[in-house]
Amino acid sequence: MTADLTINNLHVTVEGQEILKGLNLEMNKGEVHAIMGPNGSGKSTLANTLMGHPAYHVTEGEVWFKGQNILTLAPDARSRLGLFLAFQYPSTIPGVSVSNFLRTALNARYQQPGPADSGNGQGEGKGLSMRDFRDMLKSRMAMLKMDPGFARRYLNDGFSGGEKKRVEILQMAMLQPEIAILDETDSGLDIDALRIVSEGVNQLMSPNLGVLVITHYQRILDYIKPNRVHILLNGRIVLSSGPELALELEERGYDWVKEQFGQSALGPGTAA
Ligand code: ADP
Ligand code: MG
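For the sequence shown, position 89 matches number 89 in my numbering, and the numbering has no gaps at all.
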């Protein structure tokens with residue numbers, strides 16, 4: 001277990017069907033990894049499983065982060081530990097403003113001591129003052145080129161696809177996770193919004209942040225440069241390589257991957 005995040009032989013079923021079939025992945029903070037794969041290959045299943053979504057049942061495997069198998073932790077404990085997911089389909093919460101939502105999320109992340117937290121409400125364990133929160137929100141919104149009035153609107157209520165994705169990244173900027181998973185953050189973004197959102201992510205990059213970019217298309221990787229690119233097919237990582245792999249997928253599509261790895265992805269002993 002040398003990598004900061006280690007996914008080991010992960011098997012996940014959804015509604016009784018096995019979707020992830022022994023997925024392995026290692027990544028470190030300070031790195032950007034991309035997971036690319038055809039639709040239905042299990043990309044969102046991986047993201048949702050990492051965050052502890054109750055519909056996804058882990059039948060085998062471990063996910064190690066900070067010396068713990070996080071699969072034993074509740075979603076809020078995973079968030080406090082420093083994991084974050086930007087959803088492919090962010091939900092709408094009418095009646096709760098963006099600002100209130102973010103303040104609640106921040107307090108939940110930093111105020112409540114977790115079971116493994118020795119803090120007693122001092123230092124980092126204490127939530128931000130209202131003034132500090134407002135200052136931070138203002139600067140992060142400016143970074144993402146968001147209109148300040150946006151903070152008062154109800155969360156995702158009537159937001160365009162691009163606005164929803166921007167709020168997801170704003171949430172990431174506020175929560176300051178150590179591992180951030182971006183599930184198709186590029187989908188629904190026009191080219192300007194994609195550039196702004198990507199620049200926001202790039203500004204957040206630090207030796208203390210690892211980003212897992214999940215995407216079907218290569219174009220977001222023009223802006224958020226990956227160190228490693230992994231191909232997910234039939235519930236397994238079938239190929240890992242450098243950034244040039246994304247360009248190859250863009251050029252050649254996924255058919256060659258299916259041809260080359262389709263059988264092996266079904267597992268040993270299943271080849272015709
Ligand atoms: P991707 O994100 O790579 O397009 P998903 O992980 O969303 O793929 O889906 C993989 C498979 O799992 C699909 O066949 C999908 O229908 C199924 N699946 C994923 N989530 C659910 C769910 N919540 N309920 C039922 N089926 C699901
Ligand atoms: Mg998906």
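Where a beta carbon is used, it is the ideal one built from N, C-alpha and C, also for glycine.
- Under the three-state reduction of DSSP, residue 75 is assigned to helix.
- Taking every residue with its beta carbon within less than 5 Å of a heavy atom belonging to the ligand ADP gives, in chain order, 14, 15, 19, 39, 40, 41, 42, 43, 44, 45 and 55.
- For the options 93, 175, 104 and 195, the alpha carbon positioned closest to that of residue 153 is the one of 93.
- Between residue 37 and residue 247, the C-beta gap is not smaller than 8 Å, which leaves the two residues out of contact.
- Annotation: residue 135 is outside any beta strand (DSSP E); the continuous alpha helix (DSSP H) that includes it extends over 130-143.
- Annotated three-state conformation of residue 171 is helix, per DSSP.
- In this structure, the CA atom of residue 81 is about 11 Å from the CA atom of residue 176.
- Here residue 66 is exposed: its Cβ has fewer than 16 other Cβ atoms, across all protein chains shown, within 10 Å.
- The continuous beta strand (DSSP E) containing residue 21 extends over residues 17-27.
- Using a C-beta cut-off of 8 Å, the segment 145-162 makes contact with the segment 90-104, since at least three inter-stretch Cβ pairs fall below that distance.
- No Cβ-Cβ contact shorter than 8 Å links residue 170 with residue 211.
- Judged by beta-carbon spacing, residue 27 lies within the 8 Å limit of residue 3, meaning their Cβ atoms are closer than that value.
- Here the alpha carbon of residue 140 sits roughly 7 Å from the alpha carbon of residue 174.
- Ranking 29, 77 and 21 by CA distance to the CA of residue 52 puts 77 first.
- Following the DSSP letters along the chain, one finds residue 183 inside the beta strand (DSSP E) bounded by residues 179-183.
- Put simply, the backbone Cα of residue 259 is about 32 Å away from that of residue 180.
- When the alpha-carbon of residue 146 is set against those of 186, 127, 227 and 193, the nearest one is in 193.
- For residue 183, the shortest separation between its Cβ and any heavy atom of the ligand MG lies below 7 Å.
- Here residue 109 is near residue 79, since their CB atoms are less than 8 Å apart.
- Residue 55 is not a Cβ neighbour of residue 226, given a cutoff of 8 Å.
- At least 8 Å separates the beta-carbon of residue 7 from that of residue 42.
- For residue 62, the closest alpha carbon among the candidates 5, 14 and 39 is that of 5.
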